[in-house]
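Trainee: In our numbering, the protein residues as written are 293 to 355. In this text, a Cβ means the ideal position worked out from N, Cα and C, and glycines have one as well.
1. Assign residue 324 to buried or exposed, taking buried as 16 or more other Cβ atoms, counted over all protein chains shown, within 10 Å of its Cβ.
2. Could you give the first and the last residue of the continuous beta strand (DSSP E) run that contains residue 297?
3. Which partner residues does residue 310 have in the DSSP bridge list?
4. For a quick check, are the C-beta atoms of residue 330 and residue 303 less than 8 angstroms apart?
5. Once you ignore the five residues that flank residue 321 on each side, which residues in its own chain have a CB closer than 6 angstroms to its CB?
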């Protein structure tokens with residue numbers, strides 16, 4: 293089971309916190325960060341280590 297919690301920034305979701313139920317491997321915590329347009333930009337773990345990062349061109353295409 294996955295629990296998701298959205299962190300709101302006004303009317304927009306600023307970040308999403310995702311936590312899976314405890315498994316044999318342990319907790320799997322990820323934070324999904326969005327830019328000002330709502331695009332998924334960064335994924336970090338519980339210790340704020342970067343797991344994934346996306347870059348966009350000025351026209352919104354993945355770079």
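Mentor: Looking at the atomic coordinates:
1. Reading the chain shown from its first residue, position 32 is the one you call residue 324. With 16 or more other Cβ atoms within 10 Å, it is buried.
2. In the chain shown, counting from the first residue as 1, residue 297 sits at position 5. It spans 294-301 - the beta strand (DSSP E) in which residue 297 sits, taken as one unbroken run.
3. As a first step, residue 310 is located in the chain shown; it is residue number 18 there, counting from the start. For residue 310, the beta-bridge partners assigned by DSSP are 296 and 322.
4. Within the chain shown, numbered from 1, the residue matching residue 330 stands at position 38. Within the chain shown, numbered from 1, the residue matching residue 303 stands at position 11. Contact: no.
5. What you label residue 321 is simply residue 29 of the chain shown in a count that begins at 1. Result list for residue 321: 311 and 338, in chain order.
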